[in-house]
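A.B. asks: One structure, pasted below without further comment.
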């Protein structure tokens, strides 16, 4: 495909464009899986700190829909 759009509630949040530069730039024609998580920390969280008062958190997913254009 030429691009992959990431949507939430019908709004496009991110687009990956295929610039045909190889697997390092476009890994989506190789087998892969989706990972959905609540990430805490990382570069920003590590620098700014995490407020423990926000826990526990939960992520409720009704469904994930994946389309493939033939």
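In my numbering, the protein residues as written are 21 to 90. Note that CB positions come from ideal geometry on N, CA and C, so glycine has one too.
Sorted by chain position, which residues of the same chain lie with C-beta nearer than 6 Å to residue 25's C-beta, five sequence neighbours on each side aside?
C.D. replies: Cβ neighbours of residue 25 beyond the five flanking positions: 32 and 35.
A.B. asks: Can you tell me whether residue 36 is helix, strand or coil according to DSSP?
C.D. replies: It is a strand residue.
A.B. asks: What three-state label does DSSP hand residue 78 in the structure shown?
C.D. replies: Looking at residue 78 - three-state DSSP - the assignment turns out to be coil, as it is neither helix nor strand.
A.B. asks: Determine the extent of the beta strand (DSSP E) in which residue 23 is found, giving its start and end residues.
C.D. replies: Segment 23–28, the beta strand (DSSP E) holding residue 23.
A.B. asks: Go through its chain and collect everything with a Cβ distance to residue 40's Cβ below 8 Å, but skip five positions before and after it.
C.D. replies: 46.
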